Each structure stands twice: as C-alpha cells, then as structure tokens.
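In what follows, a structure is listed as structure tokens, so that the remarks can point back to it.
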Amino acid sequence: MTTDTLRRPPPGPADPTAKAGRNRPRYRRHRPGIAYLFLSPWVCGALLLTLGPMLASLYLSFTDYDLFTSPNWVGLENYKRLFTDDARFLASAKVTATYVLISVPLKLAAALAVAMLLNNARRGQGFYRSAFYAPSLLGTGVAIALAWRALFTDNGVVDSLTGRVGWDTGGWINEPDYAIYVLIILAIWQFGAPMVIFLAGLKQVPQELYDAAAVDGSGRWRTFRSVTLPMLSPIILFNLVLETIHAFQAFTPAFIVSGGRGGPSNSTLFYTLYLYERGFSQFRMGYASAMAWILLITVAVITALFFGTSRRWVFYAGENK
Amino acid sequence: MTTYPQSRTTGSRLRGLGWHALIIAMLLLLLYPIVWLLTASVKPTDEILSSLDLFPTRFVPENYSTALDGIAGISVWRFFGNSLIVAVGAVLGNLISCSLAAYAFARLRFKLRGPLFALTLLTIMLPYHVVLIPQYTIFQKLDLVGTFVPLILPKLLATDAFFIFLMVQFIRGLPRELDDAAEIDGCGPVLTFRYVILPLLKPALVTTTIFTFIWTWNDFFSQLVYLNDPETYTLPLALRLFIDQTSESAFGPMFAMSVLSIVPVVLFFLAFQRYLVEGIATSGLKG
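Those sequence lines, one after another, are chains A and B.
For the first sequence, our numbering assigns the number 1 to the initial residue and increments by one for each residue that follows.
For the second sequence, our numbering assigns the number 322 to the initial residue and increments by one for each residue that follows.
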C-alpha cells in the first residue's frame, strides 16, 4: 500500500511546472538542504581531511614542529635550509626529476606503440589488452618490487645476462649510476593503464581520416603524424598530466629496492622517500611539511604548464583554429 | 580448396601470424618477471638469485609452508585478515560516500555546486603528502594511529575524489527523464537516488570496487605510516618485515609469501578483467 502510493501518487494535482510548459519540474532546485545531506560525508572529508590539513601543513612548514611539542614559528628557515644546506634534499630532487623526465615519456611512448599495434588486431585483442595490462596491476605492490630487487642484484638474472656479453655491472641496484634505471624500467614496464586509454582513443579516430590520408598517398609515418597524433592529443595531454603527477609521488618501489634508505649514494632517494624519512623517522614534521609544499607547487606549476601550452598542441575535434 | 585466391589468403594469414608472433614475443618478455616470481617461490633459496633457469632443479613447495608459518610469531592469515579489513572498509567507504556526493553534484541544485565540484576536481591532483602530516597529527591526537581507522575513515568521507568524478560523469549520462518520472511519481531525491540512480550506477560502482580494492591491497605508503604494531600489519608491511628479519637466507619463503600476497589481486583481475580494462578505457583510471 505504502509503496504503491510512493510509486503512483494520484495524478490529480498536476505539476504546476508542467502546465507552464517547462521541460523539468522546478522544485528540485529549491531543496539545498537535501543536497548538503547527500554531500555531508564529502563536506566533512573536504574540511577535516583536505582543506584543513592543507592550511595546517602550510602553517607547519614555517615551524619546527616535531609532533610532540607545540610548533615554533621559524619563518622561512625550513625552505632556506632545504635549498642551501641539505645535500640529501637536492639529491632527492635530482633523482625525482631524472625519474620523471625519463620514465614518463618512455612509458607513454611504449603505451602508444603497443596500443597502435593492438589496434590492428583482428583476433584476440581483448586477451592481449588484459595481458599487457597485468604488470600495471601488480607492479605497484611490494611483491613485484622485491622481485625487481632480486632480478637486478649482484649475480642476479640481469647481471648474469649482461655478464655474458662482457658487461659485468656488479648488480644494478648496487651501482649508483644504474640503480635509478631499475626503477625507471619498472615504471615503464607498467605502461598498461595509459595503453588501455590510448586504445580507447584510437577507436574514436574516424576511419574516414585514414581513408583520406590513404587517398592522398600518405605513408605510415605521415599518417601517424598528421592524423593519429593530432586526434589523440587530448588523450596524450590527459595521460601526460596523470603520469607526471604519479611519477612525482613514486615511493614503494624505491623504498623496497633500496631497503628504505635511498641508496646507493642517494641514487634512489626519491623525493617522497626523503620526505618520509624526515617526517616519520626523524619526526621533523615542519621540515617535511615544507617539502610537501614544494612538491605541491612543483606539480601545480608543471600541470599548469601542460595545460597552458596545450592550446598549441592539443587538437579538439570540431574546434575552429 | 577455397574460392579465395590462394596467394591472398596465405599472404594475409602470414602477416596475421607474424603480428601474433610479435605480440606474443613482447608479452613473454613483459610477463617474464611475473613468471620468474612464481617459479622463484618454489626454488631452493640458493638457486633463486644465481640461476638463469626459469625452472627449479629441485621443486621446493616447503617455501610455502614456511611462508604460511608467518613471521614474528604471527600467522600469515592474520596479515591477510588485516589487509582484507582495510581493503573491504575502503571499498565500502568509497562506494557509499562517493555515490552520495556524485548524485548531489550531478543532479541536485544548490548554490555552491560549481565551486565545490571544481574543488573536487582539483583535489584529484593534490599530492597526498600535503595533507598527510596534519592528518597524521589529527589521528595521533585522537589516539588512532596504529588502528585501521586512518586507512578507512578518509574513504568514508569521500576523499578519493576521482571516484566522485567517475560517478558524476556516469550519472550525467543517464537520462534525466528517469529522475523526472520518479519525481512526478512522488519520489524525493532520497528515493530517486535509491531506486533510480543507484541501480543504474552499477557499472561505475563495479569499477570503483575493483580499483579501490586493488589499490588498497597494493598500498604500502599509508599503511607504513599508520600501522606500527606487527599484529595490525597488512601483507605489504609483513613482506617488508620478512626482508628485514630474515635477510637473504630465506629468499624462497619470502617469494612464496610475495606470491600469496598477489593472489587476491590476480583473482580480482581474472574475475573482472573485462570491467577492469573497460573501466580504465571509459574513465581514464590509472592502474
């Protein structure tokens, strides 16, 4: 009975807006209370766990907070020391920059190349797509990082293989010059997620454009440059932004491969690893907060740069240029 | 044999074969580390690092029984249980809070909708480290560090903004007429959400479930920060404890435990792989 009335109220007092010939009932917009009820978990989270903490960490970055005694204002001291008097910080910034600059472009290139290869599939595309995605799924965990460490250690599989061609590395993870490449290779190995997104984008490229290119006698490279790349550019921007943000925050593999210390000789001291060390091993929370804000500003500036320059290289279909 | 010209069939067949061969060769190279991990878990410890052979000379299933014995006197099942509590809590949290918020953003009218939704989008890009230290301080003052609360509560409060975005996009794709019909039938927003939107939102909810589960299961950083008692350790932390306490002498059991730790992810993957890759393709999720 009750459900019946809920479902089918008597049609008598008709919706006044319907009479006025409107397309939608109007009263929805006059009930903000309900909206905030639905939003209440989000509002609590945004205030207590996001905005509040953001402001708090900005404040803490100007203090010497150690978690146990109340914070003392030290002004720009933390920032000054980071840039002038902290070799480990500078090393971590350099390691992270290297990692981002090498791993992101190579990962996206691998993703695009394999996506294009798979896009021609006549059979088995679904299976291949899933199989290529598998590393992305497992690669962020500790288990694969452990395997990586063993594969690239002294006398490990990679060292033995390179030894056969006369290149004795002594284990990549023990060599300051090579250690970061262990992590870069691990990052590139996980190209599955951007690949799947590229693959979805490739399906959206109208076949007519390829036909037209073929009629014009364009070769493969020309077609790729003049059709595929422009049509994919919004997706390239999307993948580029997300992968860059992710790469800046990489932590687990570096922590596991280097045993938590970022060695050898700081060569795998990722930014987040050093932040963790300062904040949670040495309880220098003010200092770590300053590092967190430098990370935020860096990521924001780079994202803004990507979007700012995107007008020049991102092509949106249907847009007049 | 066929009515097709022989040469053309053979040619395209050969090209097709070549294509498959290329792809499979790439796959073998790519999946090698995973296969290596699997076989390492049944190798004798002294063979794991040195041997180039993928297959063990001697099959050592005892690695698994040693791994199952656990570490520091705690059984592996305990770590599994802890990981499961955290992952299930995170999944439920994200499903409930993100769907509520997404419905409000996609369908309800309120003054601050534009700016608040923009804020949601911005937080997707916010590095976790910026909020981590004050969050840690809050949980520490509340005496909740060392419990699962700091790992689950943020999900219940919709801090995974990406899933809100995902669901908003999905709800926007649903015909508004359904809401209007429900409204004419006398449903308020609560009933419309419950009986119209939620059932239709299922694909987005499945995607959210899969990714929240796998990401939480693989997460190491926040668990490392918040859990400090081995009794509460999740699998990633237990694995790390294993390295610290046993050094190189117990590589076999360590890899056995690694394999055990990825089993749920692999099962999820096999069960949902279609939704999984489609979820990424349609929403731009990252693995």
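By construction, the Cβ of each residue, glycine as well, lies at the ideal position given by its N, Cα and C atoms.
In this text, all values refer to a predicted model and were calculated from it rather than measured experimentally.
The beta carbon of L237(A) sits closer than 7 Å to the beta carbons of F306, S310, V314 from its chain, once the five residues preceding and following it are set aside; these are given in chain order.
By the C-beta density criterion, A147(A) is buried, having at least 16 other C-beta atoms within 10 angstroms. For T378(B), no alpha helix (DSSP H) encloses it, and the DSSP letter there is neither H nor E.
Contact between the stretch 496-515 of chain B and the stretch 237-250 of chain A is absent: fewer than three C-beta pairs spanning the two stretches fall below 8 Å. A straight line joining the alpha-carbon of R129(A) with that of L76(A) spans about 50 Å. For I188(A) against G605(B), the beta-carbon gap comes to about 20 Å, at or over 8 Å, which does not count as contact. Residue burial annotation: P382(B) is exposed, with fewer than 16 other C-beta atoms found within 10 angstroms of its C-beta. From the beta-carbon of L548(B), no residue of chain A is found nearer than 8 Å; the closest lies around 12 Å away. Contact with chain B is found for F280(A), since one of that chain's Cβ atoms lies less than 8 Å from the residue's Cβ. Scanning its chain for C-beta atoms nearer than 8 Å, with the 5 sequence neighbours on each side dropped, one finds around T553(B) the residues N403, G467, T468, F469, in chain order.
A distance below 8 Å separates the beta carbons of V489(B) and F426(B). DSSP places W167(A) outside both helix and strand once states are collapsed to three, so it counts as coil. Around the beta-carbon of G435(B), fewer than 16 other beta-carbon atoms lie within 10 Å, marking it exposed. Pairing S371(B) with L112(A), the inter-Cα distance amounts to about 35 Å. A buried status is given to I518(B), since no fewer than 16 other beta-carbon atoms sit within 10 Å of its beta-carbon. Per DSSP, K432(B) lies in no alpha helix (DSSP H) and is assigned neither H nor E. Sequence-ordered contacts of the stretch 246-263 of chain A with chain B read H246, F248, Q249, F251, T252, F255, I256, G259, G260 [C-beta pairs closer than 9 Å].
Going by DSSP, T244(A) is part of the alpha helix (DSSP H) stretching over 229-248. Within the stretch 392-406 of chain B, no residue places its CB atom closer than 8 Å to a CB of chain A.
Taken through DSSP and simplified to helix, strand or coil, V466(B) comes out as strand. Close CB contacts of Y210(A) within its chain, under the 8 Å cut and outside five residues either way in sequence, are with T223, V227 (chain order). The beta carbon of W293(A) lies closer than 8 Å to those of S57, L58, S61 in the same chain, with the five residues before and after it left out.
Bounds of the alpha helix (DSSP H) holding A147(A) are 142-151.
For chain A, the residues of the stretch 361-382 of chain B that bring a beta carbon within less than 8 Å of one of its beta carbons are A361, I369, L370, S371, L373, in chain order. Think of a sphere of 9 Å around the beta carbon of M488(B): no beta carbon from chain A falls inside it, the nearest being about 12 Å out. For T223(A), the secondary structure class from DSSP, reduced to helix, strand or coil, is helix.
Cα atoms of A423(B) and L51(A): separation of roughly 19 Å, rounded to the nearest angstrom.
Spanning the alpha carbons of R81(A) and R278(A) requires a straight line of approximately 13 Å. Out of L522(B), I395(B), L474(B), A439(B), the CA that lies nearest to the CA of L48(A) is found in L474(B). F400(B) sits away from L588(B), with the two beta carbons spaced by 8 Å or more.
Listed along chain A, the residues sitting closer than 7 Å to I535(B) by beta-carbon distance are L137. For A56(A), the enclosing alpha helix (DSSP H) covers residues 52-60.
Identification of chain A residues near T603(B) by a Cβ-Cβ cut-off of 8 Å yields A200, ordered along the chain. Closest option to A577(B), judged by alpha-carbon separation, among S420(B), T387(B), F376(B): T387(B).
Within the stretch 300-316 of chain A, the residues whose Cβ lies closer than 9 Å to some Cβ of chain B are A300, T303, listed in chain order. The Cβ atoms of P354(B) and L151(A) sit closer than 8 Å to each other.
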